[in-house]
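J.:
In the working numbering, the protein residues as written are 169 to 339.
(1) Following the continuous alpha helix (DSSP H) through residue 210, name the residue where it begins and the one where it ends.
(2) For the beta strand (DSSP E) containing residue 304, name the first residue and the last one.
(3) So, residue 228 versus residue 239, is the Cβ gap smaller than 8 Å?
(4) Under 7 Å Cβ to Cβ from residue 242, same chain only, skipping five residues before and after it: list those, please.
(5) Skipping 5 residues on each side, what residues in its chain have a beta carbon closer than 7 Å to that of residue 296?
(6) I need the DSSP call for residue 293, collapsed to helix, strand or coil.
(7) If you count every other CB in all the chains shown that lies within 10 Å of the CB of residue 329, and 16 or more means buried, which is it?
(8) Does residue 325 pass the burial test, meaning 16 or more other C-beta atoms within 10 Å, or should it be called exposed?
(9) How many Å lie between residue 314 and residue 331 at the Cα?
(10) If contacts are defined as beta-carbon pairs under 8 Å, then residue 222 and residue 304 qualify, I think. What distance do you get, rounded to the angstrom?
(11) Going by beta-carbon coordinates alone, are residue 208 and residue 253 separated by less than 8 Å?
(12) List the residues that DSSP assigns as beta-bridge partners of residue 216.
(13) My output table needs one value for residue 171: the three-state DSSP class, helix, strand or coil.
(14) Work out the CA separation of residue 279 and residue 317 for me, nearest whole Å.
(15) Starting from the Cα of residue 321, find the closest Cα among 311, 309, 308 and 294 and give me that residue.
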């Protein structure tokens, strides 16, 4: 009986040792260094235009200097919007913190919130649709890779959106 126990223990020890040796090699991941963004990085000199996609819809997002802009949908309907570029993802906009809220302060300047007036009721901001996103910090200097992603809130339900940089607005 002793021999059986010793043999089983030796087999288990060998198995554990072999498994430890056969673990997959973890790839080297470059050190992540988030880039601090300035408003000019996102908007350029006068503003910027982005291709935007949200829950099956698509259009053009235009952000102009001064917190205003518009979305033009695939049918060429134009809807006004207001936006704010935030220094801290924990900042509260329209009663909500960002979807990236962790309780840790950040000064990266990569969160953007815009409210779109799809109902065309300029005197009532309560019915505006909220988009809450984050600009990609690693690719902001490369216009071919500049993008943002986040959520949009419709009827208190979050849906995904993303936008890719298209071009600068000329003055």
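Ideal placement from N, C-alpha and C gives every residue a C-beta, glycine not left out. None of these values were measured; they are calculated from a predicted model.
T.: Well, looking at it:
(1) Where residue 210 is concerned, the enclosing alpha helix (DSSP H) stretches over 207–211.
(2) Note, residue 304: premise wrong, no beta strand (DSSP E); not H, not E.
(3) yes
(4) Spatial neighbours of residue 242 in its own chain (CB-CB distance under 7 Å, excluding positions within 5 residues in sequence) are listed in chain order as 226 and 227.
(5) Cβ neighbours of residue 296 beyond the five flanking positions: 283, 284 and 285.
(6) Looking at residue 293 - three-state DSSP - the assignment turns out to be helix.
(7) By the 10 Å Cβ count, residue 329 comes out buried.
(8) Counting the other Cβ atoms within 10 Å of the Cβ of residue 325 gives fewer than 16, which makes it exposed.
(9) 9 Å
(10) That pair is no contact at about 17 Å.
(11) Not closer than 8 Å, so no.
(12) 231 and 336
(13) helix
(14) In a straight line, the C-alpha of residue 317 is about 10 Å away from that of residue 279.
(15) 294
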